[in-house]
Amino acid sequence: MRRDVTIISNRQIAKATMEMKVRCPGVEVAPGTFFHIKTSGLLRRPLSVANVEGEEVTFLYKVIGEGTSELANKRVGDTLDVLGPLGNGFPLAQYGKRVVLVGGGIGVPPLYYVRRRLHEMGIETIAILGFDSKESVFYEEAFQALGETIITTVDGSHGERGFVTGPLARIDADVLFSCGPEAMLKAVAASPIPERYVSIENRMGCGIGACFACVCKAPEGYVKVCSDGPVFNAEEVLL
Amino acid sequence: MRLHVELPGLQLKNPIIPASGCFGFGEEFAKLYDLSILGGIMIKAATEESRFGNATPRVAETAQGMLNAIGLQNPGVDAIIEEKLPFLSTFDTEIIANVAGSTPDEYVEVARRISADPTIKAIELNISCPNVKCGGMQFGTDPVMAAELTRLVKAASSKPVYVKLSPNITSITDMARAVEAAGADGLTMINTLVGMRIDIQTGQPILANRIGGLSGPAIKPVAVRMVYEVAQAVDIPIIAMGGVRTVDDVLEFIYAGASAVAVGTANFENPYVCQEIIEALPSRLDSLGIEHILDVRGKAYAQLVSRP
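Order-wise, the sequence lines are chains W and S. Residues 56 to 294 (the working numbering) make up the first sequence, in order. Residues 368 to 675 (the working numbering) make up the second sequence, in order.
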């Protein structure tokens, strides 16, 4: 489960947002799962998978603190100590259903991989992606190539002004897949779409379910985000 | 046999034990390696009823360390006995139960129930958790209360009792002597140091509990010093913990006077760390010219130390 992977590329794709590709052979990666990445800090950094092509795994990350700054300074050919893939992803077998993907900010990346996989399975999707402003937008064309894509920005500098909940209200769908900030997940989890899945982010310790750092309250007790999730049916968690 | 360590209630095939709270009930790590290689396992704290613990965020990274404020989340002692111990009993390793509570009665009840299970070989009395409002560390910072609780739990437990000491105290040797006099069979030390981190974007503490327990390499020198002092002050054995992540860290604690060593936070950084330390021990002993690992126990303060 722990392996050293080699960095193939590491570039900025939007404001404070980096795309890193690593060579990770012989691993099956389900959309919605994550890798726990070692930096020089004590705790690993959980990063969701934005894409998998052959042996190449893509991570998108926002440069926020010491760990992600260190990742941003990594060069092609450097290796990373990773654990993974970890956790449980999105349920893909949505044949015959209308699927809407709703992502916010750095929650957008796992939705790209899931959309690609659904597209390969012949399942049509609509994507609604929310960002702060034009400079923060990434992967717009890549998403467009896979189906209808609606972009929102809080300041209106690109796409529709406002939050993802605006366009979501006019969309008729059977299933919702979502990843993004807690406030956004809370809002989309309350949508009238019958089946709703949310991918939750939390500060993690071990990443494998042993330390109880990343728990989330549930109707009955709690769930562990790292090992029970990070993707949950919205009915299973209290956001 | 050069790694074998015998302690009250415990036949450790080697002195490496995952620390309580960092290893759950073993299930997750059992998927990564055979738990039977471990000297023992200190399982997650048990309370009488199930506890959810604190709000999140529960962890924050610090320089060479981390803060946690989990808050003794556990399914309750009966669920642990019914659902967790049968799995742990399938491994050839010594299981040590960590016992916590809000009142003396709760500690006594949890110790009585869990010590009666044949899978449990010893009790670790947790009087040092900094992350709960009631009980926990309040018992571990007053030697009179700690001694009284030790006496009560010792009377209720059918297995040897190791008292887990808090470093958040002026004189840890006074505390160690007090619980030894009250009948403790051994000591485990140290629990985490109380700390805080503040997010300068919000101006607020990062942890939802505001304060948390500091662990990791940052606290190792504090732990080594405390083990060194306590080992000279008491006659009961010490299982040491605090920032261990390499084979040399283990030896440092043995030199300071410990008889076994627990590995905590390092399991998060590298879930295979206990396995790697156990595998590295024999060749490290060879290179240092040490025959049995306990040949150097307490050597930091005494040149001649006999084996147990």
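Heads up, the beta-carbon is just placed ideally off N, CA and C, and yes, glycines get one too.
_Beta-ladder partner(s) of L135/W, from DSSP_ = Along the first sequence, read from residue 1 onward, the residue named residue 135/W stands at position 80. L135/W is bridged to V60/W.
*If we ignore side chains and look at the alpha-carbon of each, how far apart do F392/S and S188/W end up?*
Position 25 of the second sequence, counted from the first residue, corresponds to residue 392/S. Position 133 of the first sequence, counted from the first residue, corresponds to residue 188/W. Straight-line Cα distance between these residues: approximately 46 Å.
*What are the partner residues of N465/S, as DSSP defines its beta bridges?*
The residue you call residue 465/S lines up with position 98 of the second sequence. Bridge partners of N465/S: E491/S.
_Determine whether the beta carbon atoms of A397/S and I447/S lie at a separation below 9 Å._
Position 30 of the second sequence, counted from the start, is the residue given in the question as residue 397/S. Position 80 of the second sequence, counted from the start, is the residue given in the question as residue 447/S. In this structure, I447/S does not lie closer than 9 Å to A397/S by Cβ.
*asked:* Using beta carbons (cut-off 9 Å, strictly below), is M593/S in contact with chain W?
replied: The residue labelled residue 593/S in the question sits at position 226 within the second sequence. No, because no Cβ of chain W sits closer than 9 Å to the Cβ of M593/S.
*I410/S, enclosing alpha helix (DSSP H) - first and last residue*: To locate residue 410/S, count along the second sequence from 1; it is residue 43. I410/S -> no alpha helix (DSSP H), and no H or E assigned at all.
*Beta-carbon of G391/S versus every beta-carbon of chain W: anything under 9 Å?*
As a first step, residue 391/S is located in the second sequence; it is residue number 24 there, counting from the start. Taking Cβ atoms only, chain W reaches closer than 9 Å to G391/S, which makes this a yes.
_R60/W and H91/W closer than 9 Å at C-beta_ = Sequence index remark: in the first sequence, residue 60/W carries index 5 (1-based). Sequence index remark: in the first sequence, residue 91/W carries index 36 (1-based). Here residue 60/W turns out to be Val, not Arg, going by the sequence shown. For V60/W and H91/W, no; Cβs fall outside 9 Å.
*Can you find a C-beta in chain S that's less than 9 Å from the C-beta of Y116/W?*
The count along the first sequence starts at 1 and reaches residue 116/W at position 61. No, Y116/W does not count as interfacial toward chain S.
*Is G132/W buried or exposed, if buried means 16 or more other CB atoms sit within 10 Å of its CB?*
As a working mapping, residue 132/W is identified with position 77 in the first sequence. Exposed: under 16 other Cβ atoms inside 10 Å.
*Mind listing which residues of the stretch 192 to 204 of chain W have their C-beta closer than 8 Å to chain S's C-betas, in chain order?*
none
*asked:* Quick check on T569/S: buried or exposed, where buried means 16 or more other Cβ atoms within 10 Å of its Cβ?
replied: Position 202 of the second sequence, counted from the first residue, corresponds to residue 569/S. Burial call: exposed.
*chain W within 9 Å of M409/S, Cβ atoms only*: As a position in the second sequence, residue 409/S is number 42, starting the count at 1. Closer than 9 Å: no.
*Measuring CA to CA, which of R57/W, L147/W, M56/W and E74/W is closest to I63/W?*
Translated into positions along the first sequence, residue 63/W becomes position 8. For the residues R57/W, L147/W, M56/W and E74/W, the minimum Cα distance to I63/W belongs to E74/W.
*Please decide whether P572/S counts as near chain W, where near means a Cβ-Cβ distance under 9 Å.*
Taking the second sequence and counting its residues from 1, one reaches residue 572/S at position 205. Closer than 9 Å: no.
*Can you tell me whether DSSP reads K76/W as helix, strand or coil?*
Within the first sequence, the letter at position 21 stands for residue 76/W. Note: K76/W maps to strand in three-state DSSP.
*Check each candidate in V601/S, D602/S and A647/S and name the one with the smallest Cα separation from D616/S.*
Indexing the second sequence from 1 puts residue 616/S at position 249. Selected option, being the one with the closest Cα: A647/S.
*Look at the Cβ atom of A633/S, then the Cβ atom of G583/S, and state whether they are nearer than 9 Å.*
Position 266 of the second sequence, counted from the first residue, corresponds to residue 633/S. Position 216 of the second sequence, counted from the first residue, corresponds to residue 583/S. Taking 9 Å as the Cβ cut-off, A633/S and G583/S qualify as a contacting pair.
*Neighbour flag for A358/S against chain W, beta carbons, 9 Å*: With chain S represented from 368 up to 675, any question about residue 358/S goes unanswered, as that position is not in the structure.
*What are the partner residues of R418/S, as DSSP defines its beta bridges?*
As a first step, residue 418/S is located in the second sequence; it is residue number 51 there, counting from the start. DSSP output for R418/S lists N441/S as bridge partner(s).
*asked:* For a test of the three-state rule: what should DSSP assign to M433/S, helix, strand or coil?
replied: Position 66 of the second sequence, counted from the start, is the residue given in the question as residue 433/S. M433/S: strand per DSSP, three-state reduction.
*If we ignore side chains and look at the alpha-carbon of each, how far apart do G407/S and G507/S end up?*
Position 40 of the second sequence, counted from the first residue, corresponds to residue 407/S. Position 140 of the second sequence, counted from the first residue, corresponds to residue 507/S. Each residue's alpha carbon lies about 24 Å from the other.
*State yes or no: is the beta carbon of G177/W nearer than 9 Å to at least one beta carbon in chain S?*
Position 122 of the first sequence, counted from the first residue, corresponds to residue 177/W. So, not an interface residue.
*With 9 Å as the threshold, decide whether the Cβ of E394/S is near any Cβ in chain W.*
In the second sequence, the residue the question calls residue 394/S occupies position 27. Yes, because at least one Cβ of chain W sits closer than 9 Å to the Cβ of E394/S.
*Taking only beta carbons into account, state which residues of the stretch 434 to 451 of chain S come closer than 8 Å to chain W, listed in chain order.*
N435, I437 and Q440
*Distance between Y639/S and L402/S (C-alpha atoms, nearest Å)*: Taking the second sequence and counting its residues from 1, the one referred to as residue 402/S is at position 35. Taking the second sequence and counting its residues from 1, the one referred to as residue 639/S is at position 272. Those two C-alpha atoms are separated by around 11 Å.
*asked:* With a threshold of 8 Å, are at least 3 pairs of Cβ atoms found where one atom belongs to the stretch 419 to 426 of chain S and the other to the stretch 268 to 280 of chain W?
replied: yes
*asked:* Less than 9 Å between the beta carbons of E275/W and I255/W, yes or no?
replied: On the first sequence, residue 275/W is found 220 positions in, with the first residue counted as 1. On the first sequence, residue 255/W is found 200 positions in, with the first residue counted as 1. Against a cut-off of 9 Å, the Cβ pair of I255/W and E275/W comes out as no contact.
*Name, please, each residue of chain W whose Cβ falls closer than 9 Å to the Cβ of F454/S.*
The residue labelled residue 454/S in the question sits at position 87 within the second sequence. Near F454/S there are no residues of chain W at all, since even the closest Cβ is about 14 Å away, more than 9 Å.
*For V243/W, collect the residues of the same chain with a Cβ closer than 6 Å to its Cβ; drop the 5 residues on either side in sequence, then sort them by chain order.*
On the first sequence, residue 243/W is found 188 positions in, with the first residue counted as 1. Once the five neighbours on either side are set aside, the close Cβ partners of V243/W are V157 and S233.
*Could you give the distance in angstroms between the alpha-carbon of P453/S and the alpha-carbon of T204/W?*
Here the question's residue 453/S lines up with position 86 in the second sequence. Here the question's residue 204/W lines up with position 149 in the first sequence. One C-alpha to the other measures close to 51 Å.
*Taking Cβ-Cβ distances shorter than 8 Å, what residues in chain W pair up with N576/S?*
Numbered from its first residue, the second sequence carries residue 576/S at position 209. Those within 8 Å of N576/S in chain W number zero; the least Cβ separation is about 12 Å.
*Over the uninterrupted alpha helix (DSSP H) stretch that includes A514/S, give me the two end residues.*
In the second sequence, residue 514/S corresponds to position 147, counting from 1. Counting along the chain, the alpha helix (DSSP H) containing A514/S begins and ends at P510 to A523.
_Cross-chain neighbours of I92/W in chain S, by beta carbon under 8 Å_ = On the first sequence, position 37 is the one that residue 92/W refers to. Per Cβ cutoff of 8 Å: no residues; I92/W is ~11 Å from chain S at best.
*Element boundaries [beta strand (DSSP E), containing R251/W]*: Your numbering for residue 251/W matches position 196 in the first sequence. From DSSP, the beta strand (DSSP E) with R251/W extends over E250 to S254.
*Closest by C-alpha distance to V520/S, when choosing among L554/S, E476/S and N535/S*: Stepping through the second sequence from its first residue, residue 520/S is reached at position 153. Closest option to V520/S, Cα to Cα, is E476/S.
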